[in-house]
Each structure stands twice: as C-alpha cells, then as structure tokens.
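So the sequence lines, in the order shown, correspond to chains U and F. Under the working numbering, the first residue of the first sequence carries the number 1, and numbering increases by one thereafter. Under the working numbering, the first residue of the second sequence carries the number 1, and numbering increases by one thereafter. Using N, Cα and C, we set each Cβ at its ideal position, and we do this for glycine too. It should be emphasised that the depicted structure is a prediction, and the values quoted were computed from it without experimental measurement.
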Amino acid sequence: MTIAEETLTDAPQPIQGPSALGGGRRRFWNLLWLTSLSDYKGRYADTTFSYLWTIARPLMLFAILYLVFTRVIRFGGQIPDYPVILLLNIMLFTFFAEATNRSVRSMTARGLVRKMDIPRLVLPLSAVMTTGLVSLSALLVAFVWIVAYGVEPMWTWLLFPVIAAALVALTVATAALVSALYVTHRDVAQVWPVFTRLLFYGSTVIYPLGVVPPGFLRDVEVVNPLSPILAQARVWIIDSNAPGWIEASGSTLAALAPLLAFLCICFAAVVSSRRAARVVAEEL
Amino acid sequence: MTPSAGTAGWLCFGPVAVHPDAVQVRDLTKTFRVPIRTGDGVRGRLARRFERSGKRELRALDGVSFDVRKGEFFGVAGRNGSGKSTVLKLIAGIHAADGGTIKVAGRVGPFLELGVGFNPELSARENIVINGVMLGRTPEEMMERLAPVMEFADLGDFAEAKLKHFSSGMRLRLGFSVMVQADPDVYLFDEVMSVGDAAYQQKASETFSDLKDRGKTVILVTHSMPAIEQLCDRAMLLERGEIAAIGATDDITARYLELNREQAERRPGGRIRADGEVPVSPRLRARVASACVRGRGEGGRVDPGEPISLEGVVVIERPIRGTRLWLELRDAQGTRLFADSARLDGSRRDLAPGERLRVRAAVENRLAPGSYTLSWAIMHTAPTGDPVAVSAIDTRGFRVAGKRVPRGGPVSFKYEVDVESAADEPAAARR
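What follows is the structure in structure tokens.
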C-alpha cells in the first residue's frame, strides 16, 4: 500500500477489539439506557399488577420492618427516629446489594458477548441502572413514609443527590469488580450473596457507628465505604443533631479511610474489567 | 458513513479517490487456551486453576493475511475447526487477536447468530431499536426505519406484539431484516444459509442478490459450496488456521471438496465400511506421485458434455496381484454419482516394486455445471476375494463450466419435448 492510499478518508482503520468502554460514548449510553429499560420492563412483565409492584413491594417491606423493629424486638429504643433511620438505611443498602448481586453474572448472561461487539462494561452497569430505576419508586415511598412518621422537611434534603451519587459510584465500582472477577472465577457467584448478607449486619445499617465499641469491628466499620454514606444520610435527611461522619469516625484521618477503600475498589475494578473484557468471550 | 465504491464515482464531479479495500488483515494470529478435563471434583478444578499444564493451547489462526475489496462478496470456506468463524469474530471485535492487525473501512455488521440480544419479553419494535443500536445505529434512526424493517421481515402489524409470541421463523426474519436495515458498511455472515425455513432462506437469498446489486461488502462464512459459487466474487479456504488457498471461487470449492474427501478417507480402513465406500488396506502397496483432472477446454476447463480426463503417476512399492483401477465421482454435497473399478489386463495385471505407471482415464460427462470430485485408487484382490485399495485414495476437485441451472440436479440429460393439440381425442379418453 502507498502512503497516498492511507490518507484517503475511506481507508480501512485499525479495529480496537473487545474492550470495556469502546465503541463511542453515544453508543455506550444508548446501549446502557436501552438494555436497562428493557430489563426493567421485563421484570414486571406478565404480573397482574405490573408497575404497581414497584410501589407495593417497598411499601410492604417497610411495613414489615417497621412492625418488627418497633413492636416486636424494640431494638434501638434509645436512638431518636430509629424506625425511619432503619428504613432509609435499608433502602440505600438494598440498592447496593441488589445491584451488585444482579451484576455478578451479567457479563456472561445470554452469551451476548460471544456474538456482538458490545462494550463489556455496559452489562454490569445495566444491572446497576435497572436496580436504580426500581429503587426510584422505593425512594419516593421512603420519603412519604419519613414525612408521615413526623420528620420535618429540611433544606439538607437537597443534599440527597450527593448521597445518591456517592452510593452509585461505590455500587458501579463494586459491580464492575465482581462481574469481572466472575468471568475467571465462577465461585464469586456463590460467595457474593453471602458477603452482602454479612455486610448487611456488619455495616452500620441496623445500628449507627456510635453504638459499636472500639475494637476490630469498629475499625472495619470505619474503613467500610458504606459507613460515611449512611451516616451522612441520617444527618441530612432525618436528624440534623446526629453526629456527621467526621465526628462519628473519630478523626479527620479516620474519616478519609473509606475514601481510600473506595479508590482501591475502583483501581481493582479498572484492572480486572480491562482484563475480563478481552477474555470474556473465550471464557464462556 | 464512508461513501461506497459503487456510488462515489458518479455522484461527484471529476474522479474521486476511493480506497480499494474494505478489510485488510495482516498476519493474524489467535490462540485459545482450552482446559483439559481433569475431573469435575474439587481436586480436579483446583488443579486446573493452579497448574499451568491444566490448559492446552489451541492455535486457531496462524499468520492469516488477506484483503477484501470494497463491494466484494468474499467467501470463507473451511472444515469444522479450521478457524473460519474465528476470523469473523476477530473482524467483528468479539475476540482479541494475539498478533497481527485488522483494518476495516466503516462500520461492521456482525451477523453471527440471528436475533442475538433479542428480549422475548419486549415488543418487536423495542427489540428492533435495541438490536439496531447494537449494530451501531442510534435509536432515532431505528425508529425511522421501523416500517421498512417490519415490511422486509413480512411481519405486517406485529410491531407491538411481544417477541415471545413469534415463531422461530418470524424471529429469524426479523433479525435478518434489522441487520439489513441497519445498513453497515461491511456485512459479516456466519452460516446464515443453513438455518431457517424455506421462506427465510428465500428471503436471505433475495437479500444477498440485493446487497450484491448495491455494491455492499460482504464476508460470508459457509460450508455450502453452491453458496460460495453463486454468491461470491472471491473466496479463501482455511485449513488448520492457515490459508490453504485464496482466489477464484472455482478453485476454492474444488480444493475444499478435495480436503473433505481426503479427510474422510484418512479414517482407518481395511474393511468394507457400512456406507459401501471402498475399503483401504492398512498396508499400502502403491503411492500416487502426481495426478490432475482436466477437461479439453481452455486452461483445462471441463465443458458440459466434454469427457473428464484423469491423468496420474503411481509408484509401486510392494508387489500387487490382480491390479484394478477404482474411480468415483461425487457432487459438491458429497453424494456419490458413480463408482466402479476396472481390472488392468495383460502385463499390468501383476506389478513389481519400483515400477512407475502412468494412469489415464476418460469419464463420460453428463454433469450439470457445478463442482465435483473425482477420486481414484489402485486396488488389488484381497485373499478374501474382495477388492481393496492399496494406494491412498486420491481426490481431485473440478468444475463443469457454465451457470448452474436452477432445479438442475447433478446430471444433465438430453431430452426432447413434443406438444400438439389433443382436441380431436374422444371425451372418454380425456378423462
């Protein structure tokens, strides 16, 4: 081939091959949005009450939790507004747990990657987004419940997007990591549901950091990236007098520990996703 | 979108520089690591994970280089495991190459399995949009093409029906239709002609003609030699991850048929096989030094009606008694059309080691245009009284020139037709 030929506008260009993000930003977004939407629609397909379930399910779940924790075991009696703190925490945690669990097998699902040049990261991200769409109605229900409980609306409610953004960032990084690990280690699918269950009791979901005595468990709680999200949600949404994250963690240095943990997860996610993207079509 | 070679020339004033190639592949190498089965228990699996020897390397492609020109129909033939699907998946960006480069002009439309990514719970309309986006279109573009897609797929008013209520034939047509309407610059098809019902195959066949007329670039992977001959401008034959031949479709189909027969005949012989094929002695007594099949036409072309002539040289390595020559003719699908063996008389009846024989045979030709194979071997009469081949069976592909006649069948007979009025016949005879 001559040099002149290479400069022609319609000259063949090198192809990129399979990748986590390749194929253009617009195509990535379109694929992500359409696959998430189709999964969301498919979720309630054929049910009699259809989309009513997106409201009914969280409503029923909250009602059960409320009854159990206020009438049956009377846990957290000394914590002000405990039932709604619990409700908010469970809603936030459920998003994280469901999204990551749904994403574990996403890269290999339906054998799509063997037949199509689809940017691989679309698949776990789509699992996160579908869960996000489902959680939107749960969020609405949660706020109605919180107001009905008697919590006064505060200007700090406007900061909820900050909490949501932090939670989504953590969920996306974790989803990318577990789905990439699953490609080469199928055991992840067995371990991850157990790990999220452990995380439910080991995070500050059903109790605030303040009640944990100093020791190993507390150190783990401080490093856990979910802890600051839940602590700030309590302060900004329910109880402005509750301790913020810096106060609850004990020091500015300790307050930064979850950020470090989050960055580690991000780094691991990037490395493993890049590797998995190239080999996933061969590992099915 | 890049202008296609077919239109750029006349749409603009003056000559337009168009790059001739749509796809350039250089030194493509791909190795798969396949786990060796060491048991399904925990120990076996742990061993597989931690030992390097737990995986076997399978070289799927080894230094493959070729170009596909713009507007060309390029066929890729090869037996199972030859690497032809791997080539397509590498061009489609599904697998990563271990070595070499692939360059493509414009958007690639991989069509490796019909309706990939279809969601049965969604309507046809939603599936069309998602599939179109996977093929590189925007949702808006696909919405505009909704009507043509449905029309092309002969699905009429079913746009809002859920896909799970479609028959597999309807899904196939929809997948095909989306692909065509997404209009990529380079189409990649993998065995699309071997699936679906008659209506689908008819649709696929019409589409290929249409793509050809519109000057689209198509790479077609197939086992079907008639498809290669009818559709492709050029083809490539892969064998064990390397290019065995590349060029005119006639040569490729002939070579493919030879390979297939050689493979079939490499199976251990010694007994008459159930399918009635000739048994080959495990202990060979003669070696084929050279052979070719020719016609009397220009450049050895076999014209319809002209005898097919075989010429070969055999070297005798062990004594042979009661020598026979065996011949067999098959069509492109491997159907046996004719087989027979003839005894060599006189001084050629018993042969001694070291002798070189020139073998000539002329076979009457009643074949319809198309690709065929002629196989031959030296036989002797085994102690059991059965004739057994004592040289390896040599297979040569050839092509009878001319356009293949639709509904033709493998042979062509001369026939006469006479038509006259039957009005004067009595009514009873008409009944």
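Item                                                                                                                                                                                         : Value
Give the interface partners of Pro-139 (chain F) over in chain B, defined as CB-CB distance under 8 Å, in chain order.                                                                       : No chain B appears in the structure shown, which is made up of the protein chains U and F.
If you count every other CB in all the chains shown that lies within 10 Å of the CB of Leu-158 (chain U), and 16 or more means buried, which is it?                                          : exposed
Check whether the Cβ atoms of Phe-413 (chain F) and Arg-336 (chain F) sit closer than 8 Å, and answer yes or no.                                                                             : no
For Val-68 (chain F), list the residues DSSP reports as bridge partners.                                                                                                                     : F:Val-23
Which runs of the beta strand (DSSP E) spanning at least 3 residues fall entirely within the stretch 154–199 of chain U, listed in chain order?                                              : none
Under three-state DSSP, which class holds Cys-266 (chain U)?                                                                                                                                 : helix
Asp-93 (chain F) touches chain U at which residues, Cβ-Cβ below 7 Å?                                                                                                                         : Looking at the sequence shown, residue 93 (chain F) is not Asp but Gly. Residues of chain U passing the Cβ test: Ile-15, Gln-16, Gly-17, Pro-18, Asp-117.
Since Ala-276 (chain U) and Ala-180 (chain U) should fall inside the 8 Å C-beta cutoff, what is the C-beta to C-beta distance between them, to a whole number of angstroms?                  : 4 Å
Where does His-95 (chain F) fall in DSSP's three states?                                                                                                                                     : coil
Touching or not, the stretch 92–102 of chain U and the stretch 105–123 of chain F, by the rule of three or more beta carbon pairs under 8 Å?                                                 : no
Would you decide whether Arg-396 (chain F) is buried or exposed? Buried here means 16 or more other CB atoms lie within 10 Å of its CB.                                                      : buried
Cα-Cα, which of F:Gly-136, F:Ser-65, F:Ala-77, F:Pro-35 is closest to Ile-252 (chain F)?                                                                                                     : F:Ala-77
What alpha helix (DSSP H) runs, 4 residues minimum, are completely inside the stretch 157–202 of chain F?                                                                                    : 168–182
If we define contact as Cβ-Cβ less than 8 Å, is Gln-24 (chain F) a contact residue for chain U?                                                                                              : yes
Say whether chain F places a C-beta atom closer than 8 Å to the C-beta of Ala-281 (chain U).                                                                                                 : yes
Between the stretch 370–385 of chain F and the stretch 293–311 of chain F, do three or more beta carbon pairs fall short of 8 Å?                                                             : yes
Is it the case that the stretch 328–345 of chain F contacts the stretch 283–298 of chain F, given that we only count it when at least three CB pairs across the two stretches are under 8 Å? : no
Taking 7 Å as the limit between beta carbons, can you name the residues of its chain near Pro-426 (chain F), skipping five residues before and five after?                                   : none
Could you tell me which chain U residues have their CB closer than 7 Å to the CB of Phe-32 (chain F), listed as they occur along the chain?                                                  : Glu-282
Taking only beta carbons into account, state which residues of the stretch 243–254 of chain U come closer than 7 Å to chain F, listed in chain order.                                        : none
Return the CA-CA distance between Gly-241 (chain F) and Ala-286 (chain F), expressed in angstroms with no decimal places.                                                                    : 31 Å
For a quick check, are the C-beta atoms of Glu-57 (chain F) and Thr-29 (chain F) less than 8 Å apart?                                                                                        : no
Quick check: what's the CA-CA separation for Trp-245 (chain U) versus Ala-233 (chain U)?                                                                                                     : 10 Å
Identify every residue that forms a DSSP beta bridge with Glu-328 (chain F).                                                                                                                 : F:Ala-339, F:Ser-375
Per DSSP, Val-315 (chain F) forms a beta bridge with which residues?                                                                                                                         : F:Arg-287, F:Arg-356
Going by CA-CA distance only, name the one from F:Asp-394, F:Asp-331, F:Ala-22 that's closest to Val-359 (chain F).                                                                          : F:Asp-394
Could you round the C-beta distance between Glu-121 (chain F) and Lys-164 (chain F) to whole angstroms and report it? I think they count as a contact, below 8 Å.                            : 7 Å
Name, in chain order, the residues that DSSP records as bridge partners for Met-236 (chain F).                                                                                               : F:Val-76, F:Ile-246
Secondary structure at Val-419 (chain F), three-state DSSP: helix, strand or coil?                                                                                                           : coil
From which residue to which residue does the beta strand (DSSP E) around Pro-110 (chain F) run?                                                                                              : 108–111
Go to Leu-112 (chain U), then tell me how far its beta strand (DSSP E) extends in each direction, as first and last residue.                                                                 : Element bounds for Leu-112 (chain U): not the beta strand (DSSP E) but the alpha helix (DSSP H), 112–115.
If you measure between the beta carbons of Ala-235 (chain F) and Phe-74 (chain F), is that distance less than 8 Å?                                                                           : yes
Exposed or buried, which one is His-380 (chain F) when buried takes at least 16 other CB atoms within 10 Å?                                                                                  : buried
Answer yes or no: do Asp-185 (chain F) and Gly-106 (chain F) have a C-beta to C-beta separation smaller than 8 Å?                                                                            : yes
Going along chain U, which residues have a C-beta under 8 Å from Asp-27 (chain F)?                                                                                                           : Those within 8 Å of Asp-27 (chain F) in chain U number zero; the least Cβ separation is about 13 Å.
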